[in-house]
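Trainee: In UniProt numbering, the protein residues as written are 1 to 154.
Beta carbons: idealized from backbone N, C-alpha and C, even for Gly.
(1) Looking at residue 1 and residue 48, is the spacing between their C-beta atoms short of 8 Å?
(2) Between residue 106 and the rest of its own chain, which residues show a CB-CB distance below 7 Å, the 5 nearest in sequence each way excluded?
(3) Looking at the structure shown, is residue 115 part of a helix, part of a strand, or coil, going by DSSP?
(4) Can you list, in chain order, the residues of its chain whose CB lies under 8 Å from that of residue 10, leaving out five sequence neighbours each side?
(5) Pull up the DSSP beta-bridge partners for residue 66, would you.
(6) So residue 24 packs on residue 60, CB below 8 Å; how close in whole Å?
(7) Name, in chain order, the residues that DSSP records as bridge partners for residue 60.
(8) Would you call the region 76-94 and the region 16-23 in contact, with 3 or more CB pairs under 8 Å?
(9) In the DSSP output, which residue or residues are listed as bridge partners for residue 95?
(10) By Cβ distance below 7 Å, which residues in the same chain neighbour residue 81 in space, the five residues on each side in sequence not counted?
(11) What residue range is occupied by the uninterrupted alpha helix (DSSP H) comprising residue 73?
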């Protein structure tokens, strides 16, 4: 499910089945790291869209958490994650990024961080790009399923 009105209606009617949220973390930088931040954002968007497509009905895809790297980035994300937790809707919180910046704070985040280095996709054929994305999400599915299984067994 995505951050769209029609999906919001379905979510409100059957929210007990949608116990997971996937939050894309996307950097914005208009200076020397401009192209890099665009590449990371694009790649993260493709990965999260594919995960949502395959897990539609069990996982909610959040709007992007867009940030500028500075001393308040962690505080802003922490506050956002608290809001998500306090909503009572989501038992499982997954964060997706191509920005290694967040690895430093992984233990402080309430949620499982997936860091996948961005591949330069702009020169790839669309068909090949889709194949690459599908291959990249396979190990992420395993991590998600493991988290779900762990909560069933506890």
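Mentor: According to the data block:
(1) no
(2) 113
(3) strand
(4) 1
(5) 26
(6) The pair is not a contact, with the Cβ atoms about 12 Å apart (cut-off 8 Å).
(7) 21
(8) yes
(9) 23, 113
(10) 93, 109, 110, 111
(11) 73-86
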